[in-house]
Each structure stands twice: as structure tokens, then as C-alpha cells.
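In what follows, a structure is listed as C-alpha cells, so that the remarks can point back to it.
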Amino acid sequence: MQTVKIPVSIDPIRAASSRSTYEGIVPGQQLKRLNELCAGDCSDVAVSIECGVDLQGIVYLKGKAVTELTLVCQRCMALFTTEVTVEFCFGPCRTKAEIDELPDAYDPIECNEIGEVRLHQLIEDELIVAMPIIPMHEETDCNIGSMDIVVGEIEPAQEERPNPFAVLEKLKSK
Numbered sequence: 803m804q805t806v807k808i809p810v811s812i813d814p815i816r817a818a819s820s821r822s823t824y825e826g827i828v829p830g831q832q833l834k835r836l837n838e839l840c841a842g843d844c845s846d847v848a849v850s851i852e853c854g855v856d857l858q859g860i861v862y863l864k865g866k867a868v869t870e871l872t873l874v875c876q877r878c879m880a881l882f883t884t885e886v887t888v889e890f891c892f893g894p895c896r897t898k899a900e901i902d903e904l905p906d907a908y909d910p911i912e913c914n915e916i917g918e919v920r921l922h923q924l925i926e927d928e929l930i931v932a933m934p935i936i937p938m939h940e941e942t943d944c945n946i947g948s949m950d951i952v953v954g955e956i957e958p959a960q961e962e963r964p965n966p967f968a969v970l971e972k973l974k975s976k
């Protein structure tokens with residue numbers, strides 16, 4: 803199967819009226835913001851998008867994106883690779899009123915001034931939101947596992963200082 807690049811932007815109304823589907827890749831090196839959040843370059847993103855019109859006459863973009871990201875485990879500080887998968891269903895909107903009328907099944911996506919939606923940016927945004935907040939290996943795969951990590955030195959307990967409220971304690975007992 804030939805890998806086809808997903809277009810950077812599409813006109814969702816035109817694509818929905820022709821019931822277009824897109825299956826291909828978004829090159830990982832083009833997703834600058836996602837690459838900044840990873841420990842290494844992210845792999846190419848496998849994407850499938852279906853454009854259509856539902857029974858209510860609402861234009862939608864429905865799809866799935868899958869990629870592998872190299873992240874730093876926050877438990878053992880070693881690199882690991884994880885697969886990130888997102889599924890999305892968007893309804894393109896041009897005005898605030900259209901956003902308010904959009905059913906809950908669809909997330910609003912803003913069209914630009916010529917009525918197009920930037921697919922690469924949309925996919926990158928979805929992948930960034932789907933990234934783990936605190937990336938970690940599975941505990942069995944982690945180099946540290948359940949052992950505690952000590953960062954820095956813990957100073958020994960100092961001599962016990964006199965309580966500054968001891969004077970008040972004496973006054974209270976009188």
C-alpha cells in the first residue's frame with residue numbers, strides 16, 4: 803500500500819458534499835510543537851479522516867490518528883516509546899452562533915477566512931492533548947520500579963529549639 807500525505811488544509815463543506823475520505827500520513831518532522839514536547843522526533847502519524855454530512859445536515863470531520871512518541875520516564879529518567887492514539891469528530895464552524903448550535907457529539911473546529919480547516923494543525927493539537935501528563939514506563943519495565951529515589955542530601959535533624967510559646971504557656975497556668 804502506498805503511503806499518501808494528508809493535505810495540509812481542506813474545505814470541509816466541499817469534502818463533505820463529495821463524501822471524501824483521506825488515509826495516509828502526516829510527516830512527524832512537520833509537527834514542530836509536538837516534537838518540542840518529545841525527547842526525540844515523533845514518528846510519522848498514520849491518519850484516516852472521513853468527511854460527511856449527518857442526518858441533521860451538519861458537516862463533520864471524523865477520524866483517527868496514531869503515532870509513536872519518544873518520551874522521558876519521570877520515574878527513572880530513561881527514554882521510552884509509547885503509542886498515542888486519538889479519535890476525533892469535529893463540526894466546522896465559522897461563527898459563534900454555529901458553535902452554540904453544534905450538538906455535543908461534535909467538537910467545534912474553526913474555519914479560516916477562506917472556509918478551510920488546517921488538518922495538520924488539527925491533528926497535532928489532538929495528539930498534544932492526548933499525550934500523558936506524567937510520562938512513565940509500566941512499573942515492571944521501569945529501571946527504578948518501586949524503589950525510592952533520593953535527590954540531594956537530607957540534613958540530620960537539628961537540636962530541638964526552645965518553644966517560643968513556652969512563655970505564654972507559663973502565663974496561662976498562672
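In the numbering used here, the protein residues as written are 803 to 976. Glycine is no exception: its CB is placed at the ideal position from the N, C-alpha and C atoms. From a predicted model like this one, the values you see are computed outputs, not experimental measurements.
Nearest neighbour of residue i, chosen from the options [CA to CA]
i: alanine 848; options: Val868, Asn914, Ala880 and Asp856; result: Val868
i: lysine 807; options: Asp846, Ser822, Arg821 and Glu889; result: Asp846
i: arginine 835; options: Pro809, Ile911 and Leu929; result: Leu929
i: isoleucine 935; options: Pro905, Glu941 and Cys875; result: Cys875
i: tyrosine 824; options: Glu889, Lys976, Val919 and Gly865; result: Gly865
i: aspartate 927; options: Gly917, Glu940, Glu918 and Ile911; result: Ile911
i: glycine 859; options: Met933, Leu973 and Ile815; result: Ile815
i: glycine 917; options: Glu971, Gly893 and Lys974; result: Gly893
i: methionine 933; options: Leu857, Leu863, Ile812 and Glu870; result: Glu870
Beta-carbon proximity list for residue i, same chain, < 6 Å, skipping 5 on both sides
i: alanine 818; result: Cys853, Gly854, Val855 and Val861
i: valine 793; result: Beyond the ends of the chain as shown, which are 803 and 976, falls residue 793; an answer cannot be given.
i: threonine 887; result: Val868
i: methionine 977; result: This structure does not reach residue 977, given that the chain is present from 803 up to 976, and the question cannot be answered.
Residues near residue i in its chain [Cβ-Cβ closer than 7 Å; skip 5 each side]
i: aspartate 843; result: Gly830, Gln831 and Asn837
i: threonine 872; result: Cys840, Ala841, Gly842, Leu881 and Thr883
i: serine 822; result: Cys853
i: glutamate 889; result: Lys866
i: serine 811; result: Glu918, Val919, Arg920 and Leu921
Residue i (DSSP reduced to helix, strand or coil)
i: isoleucine 808; result: coil
i: isoleucine 815; result: helix
i: glycine 859; result: coil
Neighbourhood of residue i by C-beta distance below 8 Å, restricted to the same chain and skipping five residues each side
i: alanine 907; result: Cys891
i: leucine 904; result: Ile860, Gly893, Cys895 and Pro910
Residue i: CB within 8 Å of a non-hydrogen atom of the ligand PLP
i: leucine 904; result: Ligands are entirely absent from the displayed structure, and the ligand PLP is therefore not among its contents.
Length-filtered (4 minimum) alpha helix (DSSP H) runs lying within the segment 888 to 975: 898 to 903, 921 to 932 and 968 to 975
*asked:* For a minimum of 4 consecutive residues, which ranges assigned as the alpha helix (DSSP H) are wholly contained in the segment 825 to 889?
replied: 834 to 839
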